[in-house]
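Undergrad:
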Amino acid sequence: MNHSANINHDAVLRARVALLGSAKPPVRERVAAYRVLVQVSPLAYLPLLSAALWKYSRYEFAHQPETALALRAESVAAARRMCALEPGWGDLLVTALTNHRELLILMDRQEEVRAVEEELTRLASDER
């Protein structure tokens, strides 16, 4: 089956139009658009999605930590995927993991904090 057969071309067009408007759309709309556009242009939109998910978690869900944590985990997943496609994007993953770690600390999820810190340490040693 052709990859393009799985893509909703109307959704892609709507996402592009939403991003091309004269005013910058709210972060919620940017996240929705990037989630669609990642399917057709992952190299172009994964970094944007990762950053927008962090902003969305921070500004729209500051008082809903479980939702914010899920969004930050999605941000990390987008950054990991970008690094798998283009290894030079390690800084994106470090930023996403650091933001994820910040919320885990606030939520007192120590075991998960340790796992993120171990991954950050591995990334730092890989950079050398």
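The sequence shown begins at 6 in the numbering used here and counts up by one.
No residue lacks a Cβ here, since even glycine has one placed at the ideal position from N, Cα and C.
#1: Measure from the alpha carbon of Arg33 to the alpha carbon of each residue in Arg19, Asn11, Glu65, then state which is nearest.
#2: Applying the 10 Å Cβ sphere with the 16-neighbour rule, what's the burial state of Val41?
#3: Do Arg85 and Ser62 have their CB atoms nearer than 8 angstroms?
#4: Can you look up Ala112 in the DSSP assignment and give me helix, strand or coil?
#5: If distances are taken between C-alpha atoms only, which option among His68, Pro70, Gln115, Ala82 comes closest to Val4?
#6: Given that a residue counts as buried once 16 or more other Cβ atoms are within 10 Å of its Cβ, and exposed if not, what is Leu109?
#7: What first and last residue would you give for the alpha helix (DSSP H) that runs through Lys29?
#8: Measuring only the C-alpha atoms, how far is Ala75 from Ser27?
#9: In chain order, what are the residue ranges of uninterrupted alpha helix (DSSP H) at least 4 long that sit wholly in the region 85-132?
#10: Starting from Ala49, trace the alpha helix (DSSP H) both ways and give me its first and last residue.
#11: Out of Leu90, Leu111, Leu53, Glu107, which one is the CA nearest neighbour of Leu24?
TA: According to the data block:
#1: When only C-alpha atoms are compared, the closest one is Glu65.
#2: Within a 10 Å sphere around the beta-carbon of Val41 sit 16 or more other beta-carbons, which makes this residue buried.
#3: Against a cut-off of 8 angstroms, the Cβ pair of Ser62 and Arg85 comes out as no contact.
#4: Reading off the sequence shown, one finds Met at residue 112, where the question assumed Ala. Coil at Met112, not helix or strand.
#5: An answer regarding residue 4 cannot be provided, because it is not within the stretch 6 to 133 covered by the chain.
#6: It counts as buried.
#7: Counting along the chain, Lys29 falls outside any alpha helix (DSSP H), and DSSP gives it neither H nor E.
#8: Straight-line Cα distance between these residues: approximately 31 angstroms.
#9: Fully enclosed alpha helix (DSSP H) runs of 4 or longer: 95-111, 115-132.
#10: Element bounds for Ala49: 47-65.
#11: Taking only the C-alpha atoms, the option nearest Leu24 is Leu53.
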